[in-house]
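See structure below.
In this note's numbering, the protein residues as written are 13 to 469.
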């Protein structure tokens, strides 16, 4: 009988101890319901003079994108907010050691925290629950994909370092109502962000600095937290796909000096290389922002190489013009004057008459049907002298045939001196040599200038 009594008493004690061990018991104790306005209508303070201490900490989880053209920065972050609610407090011992409870976010007041640089609303749904502790602290952890503005300096692109800010502050409350501050320092935030980083796209995360700042907005002071994210661009891809190919085009243009100026091959080659650099400039225009305080070095790099190639093209055109001008010799002009009206059969007949009259009267053999060009040797050194002696012995030749004969003698003399370049050809070769030296020197100085500019701190 006594044993049954103690067993019944044990069951009674166990039941009574389990009555306050559920989360709902805590909520009932706090009277935390959707209809209780103390928790979600106004700032949760019992005296309006008491400022709500809001602690904001952020961890960078990924760098998704950096849009230079639009001047926007897209990070993926985790944000932790913590503040005090004066209407929440209980003793964990009264509720089986319960120290925190997860409740829906819509039944609790939340600070109107905003990011000044954010230009697009986060599309990801907010966390459906937040945490309340027995001490009255409210904790919310939320991940966000932020699309924020960032003033990018692309002067040293693609070797640039970008610094973007994320500024947290209240929308309407002054510092006397909501005081915003951070919990962990810059070194801890940087270390945690490096450890949690999942992807960085083409950027290398360097550091994240956190500072507190007081600003005056609409006539009242507000406390803000500024997270400064420093990143460095991974330039290997741009070097391989852009800078080196443009340098190769410069080397191709330099090697074109080995191509002969006779014909149009050299000119067409240079035009093709110049158009290739123009295509690279169009690609660069799609990357860089349309407005910038300073001209980017990579644009100066393309413009300098384009200018050198343009000068090389103009020099080629001038050299080809001088060589073509030298090909129009005075001999051809004299020949055109003497036999200008005797084209086709008339000129053929003129040369035949010279052959008959000259060689018959001078005792030459004309029995064979050789042409005048075969009878007048052009490769021997004394041929012109023999022809002059024959012309002196033929005193009975008409004046017209004598003039034609003199023209043929001049042609023979010019063909013997054919290996010697003319005046304009010599000038063209001199210009080509001088410009080649200038081109190599200018290209070397320009590349050294770009190297030191890009590596300047």
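Glycine residues also receive a C-beta, built at the ideal position from the N, C-alpha and C atoms.
A quick note: this is a predicted structure, and the numbers were derived from the prediction, not measured.
Looking only at its own chain, which residues have a Cβ that is under 7 Å from the Cβ of residue 99, when we skip the five neighbours before and after it?
Close CB contacts of residue 99 within its chain, under the 7 Å cut and outside five residues either way in sequence, are with 50, 51, 56 (chain order).
Which same chain residues, not among the five before or five after residue 136, have their C-beta less than 8 Å away from its C-beta?
155, 156, 157
Using DSSP's beta-bridge definition, name the partner residues of residue 141.
116
By the three-class DSSP mapping on this structure, what secondary structure does residue 271 have?
coil
By the DSSP assignment, the alpha helix (DSSP H) with residue 293 in it spans what residues?
277–299
Whole angstroms are fine: how far does the CA of residue 134 sit from the CA of residue 61?
Spanning the two alpha carbons is a distance of roughly 33 Å.
When you compare the CB positions of residue 75 and residue 198, do they come within less than 7 Å of one another, or not?
Between residue 75 and residue 198, the C-beta gap is not smaller than 7 Å, which leaves the two residues out of contact.
Residue 79: buried (16+ other C-beta within 10 angstroms of its C-beta) or exposed?
exposed
Tell me which same chain residues have a C-beta within less than 8 Å of the C-beta of residue 33, skipping the five on either side of it?
Taking C-beta separations shorter than 8 Å and ignoring five residues to either side along the sequence, the partners of residue 33 in its chain run 107, 108, 110, following chain order.
Rounded to a whole number of angstroms, what is the C-alpha to C-alpha distance between residue 325 and residue 215?
39 Å
Candidates 311, 296, 328, 246: which alpha carbon is nearest residue 267's?
328
For residue 292 and residue 260, which I take to be in contact (beta-carbon distance under 8 Å), what is that distance rounded to the nearest angstrom?
In fact, because the Cβ distance is near 11 Å, the residues do not count as touching under 8 Å.
Do you know how far the Cα of residue 65 is from the Cα of residue 173?
If I take the Cα positions, the gap works out to 35 Å.
What's the C-alpha gap between residue 435 and residue 276?
The alpha-carbon of residue 435 is positioned some 22 Å away from that of residue 276.
Going by DSSP, what residue range makes up the alpha helix (DSSP H) through residue 198?
198–208
I need the DSSP call for residue 63, collapsed to helix, strand or coil.
coil
Look at the Cβ atom of residue 89, then the Cβ atom of residue 73, and state whether they are nearer than 7 Å.
yes
Are the Cβ atoms of residue 237 and residue 185 separated by less than 7 Å?
no
Under the rule that 16 or more other beta-carbon atoms within 10 Å means buried, what is residue 282, buried or exposed?
buried
Given that a residue counts as buried once 16 or more other Cβ atoms are within 10 Å of its Cβ, and exposed if not, what is residue 273?
buried
Can you tell me where the beta strand (DSSP E) holding residue 236 begins and where it ends?
232–245
Please list the terminal residues of the continuous alpha helix (DSSP H) segment that includes residue 167.
Here residue 167 belongs to no alpha helix (DSSP H), and DSSP marks it neither H nor E.
For residue 263, which of 280, 296, 320, 242 has the nearest alpha-carbon?
320
Could you round the C-beta distance between residue 83 and residue 161 to whole angstroms and report it? I think they count as a contact, below 8 Å.
6 Å
Taking Cβ positions, are residue 315 and residue 289 nearer each other than 7 Å?
no
By the 10 Å Cβ neighbour count, where 16 or more other Cβ atoms means buried, how is residue 125 classified, buried or exposed?
buried
For residue 233, tell me which candidate among 334, 460, 181 has the shortest Cα-Cα distance.
181
Exposed or buried, which one is residue 224 when buried takes at least 16 other CB atoms within 10 Å?
exposed
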